[in-house]
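I have placed the structure first, in the form of structure tokens, so that the comments after it can refer back to it.
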Amino acid sequence: MELLGHYNFYIVVVLMMIGFYTVMARGNMAKKIMGLNLFQTSVFILFISAGKIIGGSTPIHEKGVELYSNPLPHVLILTAIVVGVATTAVGLALAVRIRESFGTIEDDELAGLDGPDEEPVRS
Amino acid sequence: MATALAVVRVHDLFSAAMLFSIYSLLSAGLFVVLDAGDVALTEAAVGAGISTILILAVLALAPRYERAPKRLHWPAITVVVVTGACLFWAVSDLPPFGQPDNPIHTHVAPYYIEHAYKDFGVPNMVAAILASWRSFDTLGEAIVIFTAVLAVFSLLSKPPDKRAGLPEDDR
Amino acid sequence: MRGNGILRIIARLLIPLIMLFALYVQFHGDYSPGGGFQAGVLFAAAWILFVLIYGLKLGLEVIPERVMFVLSAVGVLIYATVGMAGVVLGGRFLDFNPLLADPKHAQQAGIMLVELGVGITVASVIMLIFTLFARRRAALGQGWQPEDDD
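Protein chains in written order, with the numbering used here: chain U, 1 to 123; chain E, 1001 to 1171; chain F, 2001 to 2150.
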């Protein structure tokens, strides 16, 4: 049946939606960045599972192995993981600075403030 | 998947960071099962190691508990359900999992697989592709991570003003 | 955490092992899963473990911040220099074939140099990002020094 052939993609879509919901629905910035990372990792699983061949092996040349899994998605994802950590680092640095200027990293409280405070706000 | 759900629901950010680390480690294990050795090593090191450390570093500077949302966020849930349904429908057009004659395996990949050891003498095909056939992209990636450190430096190099207080210690 | 005996002993065992493993992964990138990124992250993780146990000040004496800045640029420069060496010796940018006499050896040498550059950059970048975050925490705690932890 068609459904069973695609089960890996369904799992990926569910994980993606969990990450997406976290980014949208939670106000705390650290939580949002974690949701973004969940989303990213689910996309990695999508690519790697698309590159796998059942019965293949790791794409490292060995004597006696005929079928290798596709190495091209691995290359893409390797770069993507490192770029993901770069983005996470910059996002977290921004969160730290926001915390210092405004005293909070929650969205709702930030929307109610006018500008950087003159005195620290304990949230 | 359970860890992913737990990361969303838990309000203690410290536990969320630990669960996030477990999620990364589980996906690294998944990569090993899917025959991706390099990617599993990188994801385990980066996701379970570096991302978690950075989140914990931010937690040292920000309150530990997030504000619990009072009610379910209905717009977000609708968007998520609609997008999820569209994606489910779109994904069923993709080729089935793991068949050797999927289109993804037929264009450039057989050339790379055959010629990595013959032309270069390098058994690790992923390294050969990364560093030799597609090495321009790897240069771009090194530049991206260098730019990230420049950005973080430009944000965090000045010492903070004395007026910003420490988060409450609720341990 | 310096006072905690168990952590200190295990860290003393593990940190050199992790650094050694990072070097192994870097230079065996051709034969086993590995390569520049993984090695860089592992090396940075060993240094971060050292800082977590012994404090930021001691960690910065081992690898000073200025060295980290310079190394992160040097790694990208090594990559670009290998590329330009290809141009200077007659090929295209990032072409490894003109570097040595035998094309197989040239490709392997090129790959190894390029992965070395990437590894150096990634390691120093992650160490630097961690230092910037940790120093913020130290500066915020007015009067709290990084070495009197626990």
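Even for Gly, the Cβ is constructed at its ideal location relative to N, Cα and C.
Check: Just curious, the alpha helix (DSSP H) that S1154 (chain E) is in, first and last residue?
Finding: Residue numbering aside, residue 1154 (chain E) sits at position 154 when the second sequence is read from its first letter. Counting along the chain, the alpha helix (DSSP H) containing S1154 (chain E) begins and ends at 1135 to 1156.
Checklist line | Proximal residues of chain F, C-beta to C-beta of A89 (chain U) below 8 Å | finding: Taking the first sequence and counting its residues from 1, one reaches residue 89 (chain U) at position 89. By Cβ distance, chain F contributes I2129.
Item checked: CB contact check: F2037 (chain F) to chain U, cutoff 7 Å -> Counted from its first residue, the third sequence places residue 2037 (chain F) at position 37. Answer yes: the Cβ-Cβ gap between F2037 (chain F) and chain U drops below 7 Å somewhere.
Check: If I2111 (chain F) and G2040 (chain F) are in contact, beta carbons under 8 Å, what's the gap, nearest whole angstrom?
Finding: Taking the third sequence and counting its residues from 1, one reaches residue 2111 (chain F) at position 111. Taking the third sequence and counting its residues from 1, one reaches residue 2040 (chain F) at position 40. Their Cβ separation, rounded to whole angstroms, is 16 Å, which puts I2111 (chain F) and G2040 (chain F) out of contact at 8 Å.
Note to self: Do L1030 (chain E) and A93 (chain U) have their beta-carbon atoms positioned less than 7 Å apart in this structure?
What the structure shows: The residue labelled residue 93 (chain U) in the question sits at position 93 within the first sequence. The residue labelled residue 1030 (chain E) in the question sits at position 30 within the second sequence. No.
Next item on the list: Decide if D1012 (chain E) is buried, meaning its Cβ has at least 16 other Cβ atoms within 10 Å, or exposed.
Entry: Counting from 1 along the second sequence, the entry for residue 1012 (chain E) is found at position 12. Classification of D1012 (chain E): exposed, given that the 10 Å Cβ count is below 16.
Notebook entry, point to check: Alpha carbon to alpha carbon, how far is L78 (chain U) from A2080 (chain F)?
Noted result: Mapped onto the first sequence, residue 78 (chain U) falls at position 78. Mapped onto the third sequence, residue 2080 (chain F) falls at position 80. Taking the straight line from one Cα to the other gives about 20 Å.
Note to self: Less than 7 Å between the C-beta atoms of A1028 (chain E) and A1016 (chain E), yes or no?
What the structure shows: To locate residue 1028 (chain E), count along the second sequence from 1; it is residue 28. To locate residue 1016 (chain E), count along the second sequence from 1; it is residue 16. Their beta carbons are not under 7 Å apart, which means A1028 (chain E) does not touch A1016 (chain E) by this criterion.
Margin query: I'd like to check one pair, M16 (chain U) with F124 (chain U): are the Cβ atoms closer than 7 Å?
Written below: Residue 124 (chain U) is absent from the structure shown; chain U starts at 1 and stops at 123.
Note to self: Measuring only the C-alpha atoms, how far is R26 (chain U) from K32 (chain U)?
What the structure shows: Residue numbering aside, residue 26 (chain U) sits at position 26 when the first sequence is read from its first letter. Residue numbering aside, residue 32 (chain U) sits at position 32 when the first sequence is read from its first letter. Their Cα atoms are separated by approximately 6 Å.
Check: I98 (chain U) CB to nearest chain E CB: under 7 Å?
Finding: Counting from 1 along the first sequence, the entry for residue 98 (chain U) is found at position 98. With 7 Å as the cut-off, I98 (chain U) does not count as an interface residue toward chain E.
Next item on the list: Output the residue ranges of the alpha helix (DSSP H) runs that lie fully inside the segment 2050 to 2117 of chain F and measure 4 residues or longer, sorted by chain position.
Entry: 2056 to 2062, 2065 to 2088
Check: So what does DSSP say about Y68 (chain U), is it helix, strand or coil?
Finding: Position 68 of the first sequence, counted from the start, is the residue given in the question as residue 68 (chain U). Y68 (chain U) falls in the strand class under three-state DSSP.
Notebook entry, point to check: For the alpha helix (DSSP H) that R2012 (chain F) lies in, which residues bound it at each end?
Noted result: Indexing the third sequence from 1 puts residue 2012 (chain F) at position 12. Note, R2012 (chain F): alpha helix (DSSP H), 2005 to 2027.
Note to self: Check this for me: beta carbons of V1058 (chain E) and A89 (chain U), under 7 Å apart or not?
What the structure shows: Residue 1058 (chain E) sits at position 58 when you count from the first residue of the second sequence. Residue 89 (chain U) sits at position 89 when you count from the first residue of the first sequence. No; because the gap between Cβ atoms is not below 7 Å, this pair is not in contact.
Check: When DSSP labels each residue in this structure, what does E1043 (chain E) get in the three-state scheme?
Finding: For this step, residue 1043 (chain E) is matched to residue 43 along the second sequence. Reduced to three states, the DSSP call for E1043 (chain E) is helix.
Check: How about Y1117 (chain E): is its C-beta nearer than 7 Å to some C-beta of chain U?
Finding: As a first step, residue 1117 (chain E) is located in the second sequence; it is residue number 117 there, counting from the start. True, the Cβ-Cβ gap to chain U drops below 7 Å.
Next item on the list: Find the nearest neighbour of S1024 (chain E) within the set E:A1045, E:L1005, E:A1036, judged by alpha-carbon distance.
Entry: Working through the second sequence from its first residue, we reach residue 1024 (chain E) at position 24. Ranking the options by Cα distance to S1024 (chain E), first place goes to E:A1045.
Next item on the list: Please report the residue range of the alpha helix (DSSP H) in which F1120 (chain E) lies.
Entry: For this step, residue 1120 (chain E) is matched to residue 120 along the second sequence. It is not in any alpha helix (DSSP H) - F1120 (chain E) carries neither H nor E in the DSSP assignment.
Note to self: Residues in the same chain with beta-carbon distance under 8 Å from Q2142 (chain F), minus the five sequence neighbours each way, listed in chain order, please.
What the structure shows: Counted from its first residue, the third sequence places residue 2142 (chain F) at position 142. Any reading at Q2142 (chain F) must be qualified, since the residue scores a pLDDT of 44, below 50, and its modelled position is unreliable; no value is offered.
Check: Can you name the residues of chain F whose CB is closer than 8 Å to the CB of V82 (chain U)?
Finding: Position 82 of the first sequence, counted from the first residue, corresponds to residue 82 (chain U). Near V82 (chain U) (Cβ distances below 8 Å), the residues of chain F are F2037, V2122.
Note to self: Strictly below 9 Å CB to CB, what residues from chain U border S2195 (chain F)?
What the structure shows: The first residue shown for chain F is 2001 and the last is 2150, placing residue 2195 (chain F) beyond what the model contains.
Check: Under a CB-based cut-off of 7 Å, is F2027 (chain F) close to chain E?
Finding: The residue given as residue 2027 (chain F) occupies position 27 in the third sequence. No, no contact with chain E.
Next item on the list: May I ask you to report which of helix, strand or coil DSSP gives S2032 (chain F)?
Entry: Counted from its first residue, the third sequence places residue 2032 (chain F) at position 32. In the structure shown, S2032 (chain F) sits in coil (DSSP, three-state: anything other than H, G, I, E or B).
Check: Closest by CA to R2135 (chain F), which one among F:E2065, F:L2042, F:L2049?
Finding: Mapped onto the third sequence, residue 2135 (chain F) falls at position 135. Residue F:E2065 is the option with its Cα nearest to R2135 (chain F).
Checklist line | Check whether A1148 (chain E) and A86 (chain U) have beta carbons under 7 Å apart | finding: For the purposes of this step, residue 1148 (chain E) is identified with residue 148 of the second sequence, where counting begins at 1. For the purposes of this step, residue 86 (chain U) is identified with residue 86 of the first sequence, where counting begins at 1. Contact flag set, yes.
Margin query: For chain E, check one thing: does any of its Cβ atoms lie closer than 7 Å to the Cβ of A111 (chain U)?
Written below: Counted from its first residue, the first sequence places residue 111 (chain U) at position 111. Answer no: the Cβ-Cβ gap between A111 (chain U) and chain E never drops below 7 Å.
Next item on the list: Quick one: grab the DSSP three-state call for I98 (chain U).
Entry: Counted from its first residue, the first sequence places residue 98 (chain U) at position 98. Note: I98 (chain U) maps to helix in three-state DSSP.
Note to self: I'd like to know if F39 (chain U) contacts chain E, where contact means its C-beta is closer than 7 Å to some C-beta of that chain.
What the structure shows: Along the first sequence, one-based indexing puts residue 39 (chain U) at 39. Cβ-Cβ to chain E under 7 Å: no for F39 (chain U).
Notebook entry, point to check: Do I1129 (chain E) and P71 (chain U) have their C-beta atoms closer together than 7 Å?
Noted result: Here residue 1129 (chain E) is taken as the residue at index 129 of the second sequence, counted from 1. Here residue 71 (chain U) is taken as the residue at index 71 of the first sequence, counted from 1. In this structure, P71 (chain U) lies closer than 7 Å to I1129 (chain E) by Cβ.
Check: Are the beta-carbon atoms of F2130 (chain F) and I2048 (chain F) separated by less than 7 Å?
Finding: The sequence position of residue 2130 (chain F) within the third sequence is 130, counting from 1. The sequence position of residue 2048 (chain F) within the third sequence is 48, counting from 1. The answer is yes: Cβ separation under 7 Å.
Margin query: Could you give the first and the last residue of the continuous alpha helix (DSSP H) run that contains N8 (chain U)?
Written below: Translated into positions along the first sequence, residue 8 (chain U) becomes position 8. 7 to 25 is the extent of the alpha helix (DSSP H) around N8 (chain U).
Notebook entry, point to check: Exposed or buried, which one is F37 (chain U) when buried takes at least 16 other CB atoms within 10 Å?
Noted result: For the purposes of this step, residue 37 (chain U) is identified with residue 37 of the first sequence, where counting begins at 1. Note on residue identity: the sequence assigns Asn, not Phe, to residue 37 (chain U). Buried is the call here.
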